[in-house]
Amino acid sequence: MSAEIKERVLAYFREKSKGDKKMFYIKDVVKGLPDVDRHAVQAAVKELLDEEVLKYWSSGSTTYLMLAENFPKDA
Amino acid sequence: MTDSKTPLLDELEKGPWPSFVKEIKQAAEKKPAAADLLNQLELSYKDRIGHWKHGGIVGVKGYGSGVIGRYSDRPDLFPNVQAFHTMRVNHPTGWFYKTDALRKLCDIWDKHGSGLTNLHGSTGDAILLGTTTEHLQPCFDDLSEAGFDLGGSGSALRTPSACVGPARCEWACIDSLDICYQATMTLQDQIHRPMFPYKFKIKVSACANDCVSAIARSDLAIMGTWKGRIQVDPAEVRAYADAGLDIRGEVCDLCPTKCMEWSEADRTLVIHDGDCNRCMHCLNVMPKALRPGKERGASILVGGKAPIVQGSLLSWVIVPFMKLEPPYTELFDLIARIQDWWDENGRSRERLGELINRLGMRHFLKAVGLPAVPQMVKHPRTNPYVFFWPEEIDKKEVK
Amino acid sequence: MTDSKTPLLDELEKGPWPSFVKEIKQAAEKKPAAADLLNQLELSYKDRIGHWKHGGIVGVKGYGSGVIGRYSDRPDLFPNVQAFHTMRVNHPTGWFYKTDALRKLCDIWDKHGSGLTNLHGSTGDAILLGTTTEHLQPCFDDLSEAGFDLGGSGSALRTPSACVGPARCEWACIDSLDICYQATMTLQDQIHRPMFPYKFKIKVSACANDCVSAIARSDLAIMGTWKGRIQVDPAEVRAYADAGLDIRGEVCDLCPTKCMEWSEADRTLVIHDGDCNRCMHCLNVMPKALRPGKERGASILVGGKAPIVQGSLLSWVIVPFMKLEPPYTELFDLIARIQDWWDENGRSRERLGELINRLGMRHFLKAVGLPAVPQMVKHPRTNPYVFFWPEEIDKKEVK
Amino acid sequence: MAKTDIGPPDYKQFLPPIIRDNYGKWRYHEIVRPGVLKHVGENGDVLYTVRVASPRLLSTDHIREICDLAETYCDGFLRFTSRHNIEFLLADEHRVAPLIEELQAKNYPVGGTGHSITNMVHTQGWVHCHTPATDASGPVKAIMDELYDHFTHMDLPAHVRISLACCLNMCGAVHCSDIAILGIHRTPPRPDNSRLPNVCELPTTVASCPTGAIRADMKNKTVQVNDEKCMYCGNCYTVCPAMPIADPDNDGISIWVGGKVSNARSAPMFSKLAIPFLPNNPPRWPEVVAAVKNIVEVYAAHARKHERLGEWIERVGWERFFTLTGIAFTDKHIDDFTLATETFRTTTQFKWG
Amino acid sequence: MAKTDIGPPDYKQFLPPIIRDNYGKWRYHEIVRPGVLKHVGENGDVLYTVRVASPRLLSTDHIREICDLAETYCDGFLRFTSRHNIEFLLADEHRVAPLIEELQAKNYPVGGTGHSITNMVHTQGWVHCHTPATDASGPVKAIMDELYDHFTHMDLPAHVRISLACCLNMCGAVHCSDIAILGIHRTPPRPDNSRLPNVCELPTTVASCPTGAIRADMKNKTVQVNDEKCMYCGNCYTVCPAMPIADPDNDGISIWVGGKVSNARSAPMFSKLAIPFLPNNPPRWPEVVAAVKNIVEVYAAHARKHERLGEWIERVGWERFFTLTGIAFTDKHIDDFTLATETFRTTTQFKWG
Ligand code: SRM
Ligand code: SRM
Ligand code: SRM
Ligand code: SRM
Ligand code: SF4
Ligand code: SF4
Ligand code: SF4
Ligand code: SF4
Ligand code: SF4
Ligand code: SF4
Ligand code: SF4
Ligand code: SF4
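Chains as they are written, first to last, in my numbering: chain A, 1 to 75; chain B, 1001 to 1399; chain C, 2001 to 2399; chain D, 3001 to 3353; chain E, 4001 to 4353.
This is how it looks when you write it as structure tokens:
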């Protein structure tokens, strides 16, 4: 179950990262999987973060999520 | 002095107030980053403009917060502050330290950073001011080793803080330090792994004097208060009067509810406790004579914040009185329900107060299971735009 | 009683307060329309719902206002109120009448209408309650003949009203009646030929007691006040005290600015007039001893209204003090500038207060040429969202 | 053709001679007894005013009777007040008592001055308007019957001004009354899709909604109401007759307290919600009458002299008001419109009840 | 790997023994002299606290010096306050005077207690942030130099809390301060159309604007700013770095007064605008320093004992505040944001000045 959700989360990121936009709010991700319980999506995201498939990006005030491969060098 | 490279900043070494310029210069003796900070700041003083670029950075491993990324917009001139990130270290509750712990922090920061700090940031963290991206993880490792952890940043629970409370204050009606510490420990995950719509702040003041500005600066404010009678020591009241305190003028007349009477003849003070709103004024003026009542607990308020986007909010009473004893189950359950509702309904970058305002207090109360009580409002609504719940309406079909 | 056709309404003939049911029955004796009104009203009492349809009708010839159209939704049952329009007759300022004029109104209304009236409507008009479309013009002709004219309705200036003022009140600081009458006469066109975005109301109270609710119920409120010292007659003050008035308790303690001191010893009252905000309380309690200061004029306020659409507004001070002497040129010029700005910028169905709120007070003040003064606000703004005019900005090109 | 734009008759011709003589030169007044004012001019002239209640809805024959009285006792001079009472103006002290005698014989209540409950400002209700959620004249009569003694006696701490408006348009301007009776709907309007395209302008209708609950349905030239966003104000119905909102079972009355208009002591204040809903129970609205009476009595028992209802509540606190009156506080008392946050309690200063 | 989620060190280990013994059992306190608190426990134990000013921005070497002091006099126990002061905690009365002597010798200001001006809560400014409209540490230093005597003397009517935030984000939480210094921009952001499409999300950027001044330009994947609607809050820049707003000539400082946080006597209050704009004039911001000093002095001269700045203004009225301070009232003082109407004067109760 959780593996499946992780897969779908990842698919979401892959799909949505095709354009210029690479960073997403956790809320976007939750909205992207409307049939899955919010908490389960958050748990899956956390696992993906632990696995460093996803990465956080924080402006200090606001936090975004992105695929590790898209993480900017320094900027 | 004339050939100083920082003539403008040098001006700020003069005068009796401790000088931050001296601090930077002191650090600059050892640290090139501090030296370039000084130089870049001098340029800002000349240009009257900041020279930092928008930051943005990952936290340390496993974390999404605790680090504020920062880059110079003139790395050509100030290469040592090309990257100059801060680390937010969760302060020991109440900002108490033993020097050995403080010295450890200093050593770590001399090793990894600019040698400059803020004790403390205005959310309460010990701010380690300026390091490079490479040093973030090693610095964190050393901090962790020394028993420190990072505080919050981004869309996370921010480092909770508490007034000095029972540690050094006779008015503490709740154990602000323990509550804050337990919240901090219990909610570690929320602090380090941002999953909220936006930031969330918790502050605990053990009485209505609110020495950590909980009511103004936190999404959830916990403020000590009491029920029942103010404890009066009539002899000490008289002692204050004997010592020259104008009890009528300085105490009774300033009582917001005018519920106190001082009889000069009897030299007695009568308090109509039923009218008292526990503002603290009389206790503040006569600490030796008056003490909070014996049944103690907290008022819980939510929604406080700075102006962006829809204007500043002071927090709103949602629970007039809650007993607070370890393990604070009722409190932490309530916090969980509140955060869950906010997490579910809040838009990105929407604070709790703004969400309640957008959806309506009645929806909030219903969702978190709190009854409406008059203590929640300054006064009932003045506009007639009242919603009724479907179940309150006579169901007969309207043709 | 048992076979009455109006058993419910009959209940409202009982009791000591004058009964409107009796009035309708009285009129019904002569007028079929009144009889059908009674019957339809009984049905409403039974059904717990109104039985009037949305009206809508042209006014009399040349006018766009003064008539409220009304049609029964059960003309089958109540044919005599199939059409039941009201005519709003502009009342004589101050609601003063000589009986001959009142009798003329009655005769006209017996001739053309239901024989029922409201003395007066809550805007102030003499309301002639219920007639048919055919009778509107003839009725108007007779009214005009008798020296009466219609009041406002629709998107027009509504019938201005004034407190009894100098005619019978010792506190009148302005000639509320004359100002109201002059405004009514000067602005006839605005009353009768609706050209505004929405309704516009003017009310005049000759002091801050505001006996016509100007501050709450008019878009433009004119309220008498004074500058300088309250006129005190010390002997009469003492007389009140002698007669048992508790001057400290009933006057000084209730003074909102606490600017009064009563010395029981000297039996004198001192007023620190610089702090007085002219609330009227002390004058109200001791009319024989205290009188308004000698320099008299009015405060002008704008924006008051009922809640639809954006919530009720109380009027806002825009001119703290204006001398008001015939021909009131400064006042009428200001009203013209205000109406002109509203007319130009207001959306349909947008009251003046809502427009100012939408565009910002600074735009309003600039347009009508009034300086910003602290008297306009309860307190300065708390949010930092301050606009600067382009001319206040340093023009140097920003790269 | 009839002359237009002649304006109202010049009021000056209707002023009794004593008023003309003392115009702007009154020195003070006294309330001789409930309903009787004595105004004294600078020159010593004395004017008596006898105030009597009126149902406001008057038949022409009744007006003629009033004229008879004014002619007998006042040389034909009288006025009406801003709260619909009738005032007989007498220059001759000796005619005051006989006038009052006749008034009482004819059942005219004399009173309404000073610290009393004067006439209720009110509106049309089922007598003439198309949007009411309740009647106006009926509740007024029922309430004033019950409060009658407070009209004829000045036995309250201060003025109590009660008003009634039969819908949220608030023609009775109840928004600043000591006690306000306000008719309210509680169910959303029901767009009549067959009539609506012909009788209503879509943009105006959409714009009329304070909460943005109305969406234009362009295809069908009609509108849709989002029931969850609708708070039944009826403004759409004012603008668009094809959106009826009246509902016999759910319309009723709400009660508001603590407003005032005068600047005396405290600044003008809006009325605040006390009771969100009471049923329409004609002909005598017993629930409403009891509720108003209860508020008046609790106020009379607790307020200090000169303290208006709202001033008293401000002093003791709203929590105390609800405790003393026994009125239930509900989520409906908590504002959720645009300025809601201004009404939330942003301090720990409160009482337990 | 380093342990995560260990949280901060348990504060209990940092409490001096006397505090552990008297935890929750303090009986009262006295302010022995400016900067020195004496807390007495129920059992008679006495704790002394010596409070000294800090620039907040501290070098590690300076912290080590503070540690030296704490070790010499306080067995290594110290704390910081919620306003960035340092507090030395002493169980032994006899070490108080020597500590103070050494502190004074080393130029540590001792004070900040009671009716004084304590340390300024403030923010990063040009030292570390990317959005500031002014510096933080510089103005703080300049102001506190001038107000120094009010830190070391308790000579004011009540506490005066001064704070500074370098932009409208208000990290210094200046929204409830007796006197607030707030950095402001005065020109709209300048979208960088070349960078913007890459670095910013259009919907977030549009939504960030409180006044709705930003329109998405979908075609060019950038945004347009309606200059007339922009009030320079900089929130768009926080969200979108390609909308720089800093402007050396027009950025500067606004001054706000009369806020408070405590519930003592009066409820917490927001700060209100006193001076809309003063120029950024580094290194010592003389205009700002003079303005703050003027406000403090006028307050000190007129307020009553225990009366916070905002309480004093409430009592005498804003019109009087502007008269006494000589500050000009402008249209900028009149609110025009969403709750504006709540601040308009809806009474004729006002003073002439
Ligand atoms: C470091 C600190 C100021 C300081 O010098 O002390 C700070 C610094 C920043 N704050 Fe803050 N805030 C700091 C306490 C506050 C406080 C005070 C508090 O927490 O009691 C507030 C007001 C209270 C509140 O949260 O409402 C505050 C309200 C903001 C806001 C406005 C939030 C709002 O909802 O109105 C922003 C803007 C944002 O989040 O986009 C912001 C954003 C920022 C950012 C991250 C800049 C940004 O726009 O991304 C700043 C990074 C500066 C830097 O380069 O280091 N900061 N910020 C404080 C945190 C230190 C710490 O962790 O102890
Ligand atoms: C007759 C009167 C009530 C009464 O029984 O006294 C009245 C009756 C109506 N008013 Fe009114 N208003 C009357 C005084 C008021 C007042 C009080 C005042 O003028 O002091 C107000 C509150 C003050 C104000 O203007 O804000 C008032 C606020 C409204 C409103 C809400 C306006 C707003 O901006 O909030 C409406 C709705 C509208 O205009 O669409 C309205 C609309 C109406 C309409 C025309 C119904 C409608 O929606 O079209 C009513 C016609 C009733 C009928 O069938 O006769 N009436 N109306 C009053 C006029 C009599 C007169 O001319 O003397
Ligand atoms: C006749 C009338 C003016 C008119 O042009 O028609 C009038 C006449 C007087 N008013 Fe009034 N007021 C009249 C409506 C009002 C209103 C408007 C309203 O109620 O809709 C108000 C504002 C009410 C409010 O605040 O909600 C009003 C607030 C006052 C006050 C302030 C009361 C207070 O303490 O708040 C006074 C002063 C006083 O009575 O002490 C006052 C005083 C007076 C005096 C004593 C003035 C004088 O010296 O002649 C008059 C006799 C008062 C009395 O009844 O005891 N009048 N007065 C109105 C009579 C209405 C009625 O039939 O009852
Ligand atoms: C140490 C500290 C708490 C902490 O955990 O760090 C603290 C400690 C005390 N506060 Fe506080 N307050 C502290 C920040 C505050 C704040 C927060 C702030 O300023 O940001 C407030 C709210 C300020 C506001 O209202 O804007 C605050 C409002 C008070 C008050 C209420 C003052 C009033 O009349 O409004 C009192 C009562 C009094 O002093 O009479 C008080 C009283 C006290 C007492 C007397 C409590 C006690 O019995 O020990 C402590 C010594 C006060 C003194 O300085 O004279 N404390 N106190 C903070 C010292 C800050 C500093 O370095 O100056
Ligand atoms: S908030 Fe109250 S309990 Fe806490 S330190 Fe301040 S005065 Fe003491
Ligand atoms: S705590 Fe405040 S309200 Fe209560 S008695 Fe003391 S001064 Fe009065
Ligand atoms: S408003 Fe003032 S002047 Fe006019 S009647 Fe009332 S009390 Fe007299
Ligand atoms: S008019 Fe009002 S404010 Fe002025 S002295 Fe009299 S009671 Fe005080
Ligand atoms: S309040 Fe409403 S229902 Fe009553 S008269 Fe006015 S518009 Fe009609
Ligand atoms: S009744 Fe009011 S809230 Fe409901 S749809 Fe109509 S206008 Fe909107
Ligand atoms: S107030 Fe603004 S400029 Fe200053 S630190 Fe906070 S976000 Fe940065
Ligand atoms: S600076 Fe503020 S007001 Fe101006 S465009 Fe940006 S977000 Fe909008």
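Positions of the beta carbon are idealized from the N, C-alpha and C atoms, including for glycine.
Does the Cβ of residue i lie closer than 7 Å to at least one heavy atom of ligand 9?
i, result
"Ala-3136 of chain D", "yes"
Could you check how far apart the C-beta atoms of residue i and residue j are, in whole angstroms? I think they sit under 8 Å.
i, j, result
"Asn-2277 of chain C", "Lys-4351 of chain E", "6 Å"
"Ser-3016 of chain D", "Asp-3075 of chain D", "In the sequence as presented, Ser is not what sits at residue 3016 of chain D; that position holds Pro. That pair is a contact at about 7 Å."
"Pro-3248 of chain D", "Ile-2049 of chain C", "5 Å"
"Ala-2034 of chain C", "Leu-2116 of chain C", "6 Å"
"Trp-1109 of chain B", "Leu-1136 of chain B", "Not quite, the Cβ-Cβ distance comes to about 13 Å (not below 8 Å), so this is no contact."
"Thr-63 of chain A", "Gly-1064 of chain B", "5 Å"
Which residues of chain E have a Cβ atom closer than 9 Å to the Cβ of residue i, listed in chain order?
i, result
"Ala-3267 of chain D", "Arg-4345, Thr-4346, Thr-4347, Thr-4348 and Gln-4349"
Please tell me whether residue i and residue j are closer than 8 Å, where the distance is taken between their beta carbons.
i, j, result
"Leu-1352 of chain B", "Gly-1293 of chain B", "no"
"Cys-2279 of chain C", "Ala-3303 of chain D", "no"
"His-3306 of chain D", "Pro-3189 of chain D", "no"
"Leu-4339 of chain E", "Gly-4258 of chain E", "no"
"Leu-1290 of chain B", "Val-1232 of chain B", "yes"
"Asn-1209 of chain B", "Trp-1171 of chain B", "yes"
"Ser-2114 of chain C", "Leu-2037 of chain C", "yes"
"Ser-3254 of chain D", "His-3175 of chain D", "no"
Along chain A, in chain order, which residues have C-beta atoms closer than 7 Å to that of residue i?
i, result
"Pro-4132 of chain E", "By Cβ distance, chain A contributes nothing, its closest Cβ being about 13 Å from Pro-4132 of chain E, past 7 Å."
"Glu-4201 of chain E", "Lys-21"
Closer than 7 Å: is that where the CB of residue i sits relative to any heavy atom of ligand 8?
i, result
"Thr-4348 of chain E", "no"
Find the residues of chain B that neighbour residue i, judging by a C-beta separation of less than 8 Å, and give them in chain order.
i, result
"Pro-2384 of chain C", "Pro-1307"
Show which residues of chain E have a CB atom less than 8 Å away from the CB atom of residue i.
i, result
"Ser-1065 of chain B", "Within chain E, no residue comes near Ser-1065 of chain B; the closest Cβ sits about 12 Å away, beyond 8 Å."
"Asp-50 of chain A", "Those within 8 Å of Asp-50 of chain A in chain E number zero; the least Cβ separation is about 10 Å."
With a threshold of 7 Å (Cβ to nearest heavy atom), would residue i be considered close to ligand 6?
i, result
"Met-1223 of chain B", "no"
"His-1281 of chain B", "yes"
Give a single yes or no on whether residue i has its beta carbon closer than 7 Å to a heavy atom of ligand 3.
i, result
"Pro-2171 of chain C", "First, the residue type needs correcting, since residue 2171 of chain C is Trp and not Pro in the sequence shown. It does: the Cβ of Trp-2171 of chain C is within 7 Å (strictly closer) of some heavy atom of ligand 3."
Name, please, each residue of chain C whose Cβ falls closer than 8 Å to the Cβ of residue i.
i, result
"Ser-1312 of chain B", "Thr-2382 and Asn-2383"
Using 7 Å as the cut-off, classify the Cβ of residue i as near or not near the heavy atoms of ligand 11, replying yes or no.
i, result
"Pro-1326 of chain B", "no"
Point to revise | Cβ pair count under 8 Å reaching 3, the stretch 4033-4050 of chain E against the stretch 1112-1129 of chain B | key: No: fewer than three Cβ pairs fall under 8 Å.
Check your understanding: Between the stretch 3331-3348 of chain D and the stretch 1249-1267 of chain B, do three or more beta carbon pairs fall short of 8 Å?
Key -> As far as the Cβ criterion goes, the stretch 3331-3348 of chain D does not touch the stretch 1249-1267 of chain B, which means the pair count is below three.
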